[in-house]
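Protein chains in written order, with numbering that gives the first Met the number 0: chain A, 0 to 356; chain B, 0 to 356; chain C, 0 to 356. Glycine included, every Cβ here is placed at the ideal spot set by N, Cα and C. Quick caveat, the model's predicted, so the values are computed rather than measured.
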Amino acid sequence: MVLDLPQICALLQVPLPTAEPAQAPLCIDGVNTLQLAGGGDLCLAETSEQADAVKTSGAGAVVVPEDFPVLIGPVLIRSSEPRRGFFRVAEAFVPASEIQGVDARAVIDPTAILGQDVAIGACAVVGAGVRVGDRCIIGPGCYLGPDVVLGMDSVIEANVTIHRGSVLGRRCLIHSGTVIGGDGFGFSWDGNRHRKIPQLGCVVIEDDVEIGSNCCVDRATLGETRIRCGAKIDNLVQIAHNSQIGRHVILVSQAGVAGSSRIGDGAVIAGQVAISDHVSVGPGARVGGQSGVTKDIPAGLSVFGTPARPIRDTLRELAALAQLPGLLKRINRQASELVELGERLERLEQERSGSCR
Amino acid sequence: MVLDLPQICALLQVPLPTAEPAQAPLCIDGVNTLQLAGGGDLCLAETSEQADAVKTSGAGAVVVPEDFPVLIGPVLIRSSEPRRGFFRVAEAFVPASEIQGVDARAVIDPTAILGQDVAIGACAVVGAGVRVGDRCIIGPGCYLGPDVVLGMDSVIEANVTIHRGSVLGRRCLIHSGTVIGGDGFGFSWDGNRHRKIPQLGCVVIEDDVEIGSNCCVDRATLGETRIRCGAKIDNLVQIAHNSQIGRHVILVSQAGVAGSSRIGDGAVIAGQVAISDHVSVGPGARVGGQSGVTKDIPAGLSVFGTPARPIRDTLRELAALAQLPGLLKRINRQASELVELGERLERLEQERSGSCR
Amino acid sequence: MVLDLPQICALLQVPLPTAEPAQAPLCIDGVNTLQLAGGGDLCLAETSEQADAVKTSGAGAVVVPEDFPVLIGPVLIRSSEPRRGFFRVAEAFVPASEIQGVDARAVIDPTAILGQDVAIGACAVVGAGVRVGDRCIIGPGCYLGPDVVLGMDSVIEANVTIHRGSVLGRRCLIHSGTVIGGDGFGFSWDGNRHRKIPQLGCVVIEDDVEIGSNCCVDRATLGETRIRCGAKIDNLVQIAHNSQIGRHVILVSQAGVAGSSRIGDGAVIAGQVAISDHVSVGPGARVGGQSGVTKDIPAGLSVFGTPARPIRDTLRELAALAQLPGLLKRINRQASELVELGERLERLEQERSGSCR
């Protein structure tokens, strides 16, 4: 993909820059950082403080705010929304999938039903009764168990495992190494050993969900584990059996949601957070990094800490804790002062009683 | 698998329900939640509070406690142990493995020895000298390095990696994406760089161990990393080199056990716990979620926090911490009161000394 | 590999032991722990306290310190640096790779360029334009996307995924299940949904980097995510987009580095640590286990806690916190004492004013 200046300006919905009339025509074939860019790259500078970096950049052109200084260097393209516009142009440079068509070395059960224009990589294994929607891409080395369903336009990156009966919606993107539909973690102690509770539910992932690399989404014991529309999940996240992840939820890397918990629509769960089992996080709640959520969180509340409490309370406690070593000294000093006051008072009292006699 | 009412009652060890004589014969072909069930599903209601949910459920039959109310709706099957009985029936619906026989597109070294009725999926790679016990199932995309041993009736789900010389017992279940026998993390700084310490030990996993998805069990530097009989390990758990996991230990998701640590029999390690290296957790100890265990834990003790201490101590400290911001105000007030008392006392003393003169 | 006593002493750079002249010639074909060793094993005993364990070991020979007691049992080989020497010998027993040559069932794009003596396992998939350096080993089930570059002598274990355009240096070792070059986690809320920010940068891994099993190293949004020479990364570690990991950094298991953060050369990040986004950890800094780094850390500083502060401060606060429940009682007692002093003072004052009247 190569874009010239008029094409880029059209994508940015801005007029052509007119200040530099005599330049050679610009050929942009990628995006990059100011530091690493070459002449074919388009870059972004969000504030005027980056003027020096722009000046010394090898970039061919830079999208900048409207009030950005005039300077000698790359072509400047001014926009009232430089960040948003830049990434709109950047989408033009997303490469086409490297997986084209169904590779002869993919292993596809004859009962699987593939939609139009499906691509499946080599050494992918597609089980019996699988249904793959139009234009889906399944990377090399993936395994799709029996009766898995993929909605249209979903992309499964290389080496993903999706177990029996899992259902994914449209336009999902599942990154490499992720395992969907593994057994939930359920056992009952029978006096001698942990007896496995059969895990007979499934996983349902709705439309427009993205799941990062090396995540785990366990099947339900009964019923379903469900991830709702538009939720975005980072790498190495654990979603346990029967949990429910709401619409547009954000789950940052290494977070874990234990069994049967519910995350409300639009909640944001930061990295390395643990949500205990059977807990409900309200819609729009925000959970700070490394927190441990052990109780229900009301809608919209920001919490932090282990156990997680309202972030203001936790921060106030942490601030107080920082004063605690000094406080110990003050308490000791006050104790001495109390003793001293007591002694002085006793002297007065004795004199008083002496003078009364 | 389809079961009728007499068959289900036989599995539950309860008499046939007689209250509803005129019903059509029941055909149960699955288990589900009350909310999602259809007419072919058997469900579970553990308390009478679920009576409304039972009444409105589409389930064909529901296993209920003996004192459950009589109601119009699904067939009720009363049991003194509804939960246990229900999951005993549920086991009948565990589907047969989708992997049958040795796939022609599996890659099996001619020196590997396969037992009776082994199943190996497509694109699995089985190395030289591997020994696979009777009735084992190896999923698509797995890699078993040289001289790996699998005991009878073990199941290795898709895309698992088991490295050279790892030994697994009977009836083990290893979920997808897990890596067994990767190098331990050991280096020595030689003044210029971290020099790799060769990792020449192995991994031994005893009978009836289940390991979740995307876990890591590292080989020992020397000797063995060992997971004993009946231990159950959730997803994304790290077991470092030379650690020893006791019999029937529970390790919940995202926990990590560092090098050379020992977890005693029957201990329960909650999610996101970190066990430091060279630490011993006593048999039957319980470690609360997100704790950091830095010292040995006695048998049977419940600990919590980072660093982990007896849970009572940690909870008492947390309760005290919640009072700390208020305490700071009290200390300041007491300081003022002390000053005021001191001034009043000084006035009295001055008057006294004045009156004495 | 079998070594006799003169060969082992040569590797250890020590003279042949002469005390036991009449022994049968020693054949060492492995290394092991004292407890598990057989007659063909070489072991290590680092202190004289291990004398009993050496005496009862089945080992053929044991490397010991120079002042180790004389005893009947395995051949003792004395060294001024027993640990270092032992592991130098141990390196001789590292087995040759099980992957030899390019397997006929590997799937290699015709445009990929393979160096001399490259080995590629079965069911590995190597994409278009990939360049593989001399003597590299690529395990079974790996996927290398288009234009990936591997430097000479790098080893990619089984079932690793390396996405488009990632560049690895020489002598890198990537363990199984790791995903390199997955999309960074970047979205912008457009009022209705999280809109994906295209992830168009890459991953650059320099020479001599080792990455454990089931890690994730995300590609940069723009520019590069970079791991510098000699960094060593344990299992299940998250390296987010645009982060920079310095030379010889240690990242222990389950740690996570968020977007655009920088870890300085030689820093040591313990297990389950979270580094927030856009944070800089100085060279040589040390971050204690489970810490949450939310602000820049100066070079060389040791920090601990969430949020991470200088370890001395955190430990002092934790020690003070342990005293807090007792402190609450003291404060209450002081409050009573203040009341009592006040009352006594008031009595004196009233008497005084009475006597003045």
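What distance in whole Å lies between the Cβ atoms of residue j and residue i, which are believed to be in contact at a cut-off of 8 Å?
{"i": "Val-53/C", "j": "Pro-73/C", "result": "6 Å"}
{"i": "Ala-269/B", "j": "Gly-255/B", "result": "Not really, about 12 Å apart at Cβ, beyond 8 Å."}
{"i": "Ile-330/B", "j": "Arg-329/A", "result": "6 Å"}
{"i": "Gly-183/A", "j": "Asn-158/A", "result": "Not really, about 22 Å apart at Cβ, beyond 8 Å."}
{"i": "Gly-265/A", "j": "Glu-205/A", "result": "Not confirmed; about 15 Å, so no contact."}
{"i": "Gly-59/C", "j": "Ile-27/C", "result": "6 Å"}
{"i": "Gly-283/C", "j": "Ala-298/C", "result": "6 Å"}
Taking Cβ to Cβ, would you say residue i is nearer than 9 Å to residue j?
{"i": "Gly-180/C", "j": "Val-148/C", "result": "no"}
{"i": "Leu-10/C", "j": "Ala-95/C", "result": "no"}
{"i": "Val-280/A", "j": "Gln-253/A", "result": "no"}
{"i": "Ser-78/C", "j": "Phe-85/C", "result": "yes"}
{"i": "Cys-141/C", "j": "Gly-120/C", "result": "yes"}
{"i": "Arg-359/B", "j": "Gly-200/B", "result": "This structure does not reach residue 359/B, given that chain B is present from 0 up to 356, and the question cannot be answered."}
{"i": "Gly-126/B", "j": "Ala-111/B", "result": "yes"}
{"i": "Ala-273/B", "j": "Ser-290/B", "result": "yes"}
{"i": "Val-248/B", "j": "Lys-231/B", "result": "yes"}
{"i": "Arg-163/B", "j": "Pro-145/B", "result": "yes"}
{"i": "Leu-43/C", "j": "Leu-25/C", "result": "no"}
{"i": "Pro-68/C", "j": "Ala-50/C", "result": "yes"}
{"i": "Leu-323/A", "j": "Leu-221/B", "result": "no"}
{"i": "Gly-114/B", "j": "Gly-100/B", "result": "no"}
{"i": "Leu-2/A", "j": "Val-88/A", "result": "yes"}
{"i": "Ser-153/C", "j": "Thr-160/B", "result": "no"}
{"i": "Val-62/B", "j": "Leu-33/B", "result": "no"}
{"i": "Ile-173/C", "j": "Ile-155/C", "result": "yes"}
Mapping DSSP to helix, strand and coil, what is residue i?
{"i": "Leu-149/B", "result": "strand"}
{"i": "Gly-84/C", "result": "helix"}
{"i": "Ser-259/B", "result": "coil"}
{"i": "Thr-55/A", "result": "helix"}
{"i": "Pro-309/C", "result": "strand"}
{"i": "Lys-294/C", "result": "coil"}
{"i": "Gln-237/A", "result": "strand"}
{"i": "Gly-359/B", "result": "Because residue 359/B is not part of the residues shown, which for chain B are 0 to 356, the question remains open."}
{"i": "Ser-79/C", "result": "coil"}
{"i": "Phe-184/C", "result": "coil"}
{"i": "Pro-5/B", "result": "helix"}
{"i": "Pro-64/C", "result": "strand"}
{"i": "Glu-223/B", "result": "strand"}
{"i": "Ile-98/B", "result": "coil"}
{"i": "Ala-273/B", "result": "strand"}
{"i": "Ala-321/B", "result": "helix"}
{"i": "Val-338/C", "result": "helix"}
{"i": "Arg-194/B", "result": "strand"}
{"i": "Gln-12/A", "result": "coil"}
{"i": "Ser-301/B", "result": "strand"}
{"i": "Ala-36/B", "result": "coil"}
{"i": "Ala-91/B", "result": "helix"}
Counting C-beta neighbours from all protein chains within 10 Å, is the total for residue i 16 or more, i.e. buried, or is it exposed?
{"i": "Glu-345/B", "result": "exposed"}
{"i": "Cys-8/B", "result": "buried"}
{"i": "Ala-239/B", "result": "buried"}
{"i": "Ile-71/A", "result": "exposed"}
{"i": "Asn-191/B", "result": "exposed"}
{"i": "Pro-139/C", "result": "buried"}
{"i": "Glu-48/B", "result": "exposed"}
{"i": "Arg-311/B", "result": "exposed"}
For the stretch 156 to 176 of chain C, which residues have a beta carbon sitting closer than 8 Å to at least one beta carbon of chain A? Residues passing the 8 Å Cβ filter: Asn-158, Thr-160, His-162, Arg-163 and Gly-176.
Relative to chain A, which residues along the stretch 326 to 338 of chain B have a C-beta separation below 8 Å, given in chain order? Of all residues in the stretch 326 to 338 of chain B, Leu-326, Leu-327, Ile-330, Gln-333, Ala-334 and Leu-337 have a Cβ within less than 8 Å of some Cβ in chain A.
Residues in the stretch 137 to 151 of chain C having any Cβ partner in chain B nearer than 8 Å: So the list reads Gly-138, Pro-139 and Gly-140, given in the order they occur along the chain.
Between the stretch 48 to 79 of chain A and chain F, which residues of the former have CB atoms less than 7 Å from a CB of the latter, in chain order? Within the model displayed, chain F is absent; protein chains A, B and C are what it includes.
Could you list the residues in the stretch 113 to 127 of chain A with a C-beta less than 7 Å from some C-beta on chain C, going in chain order? So the close ones are Gly-120, Ala-121 and Cys-122.
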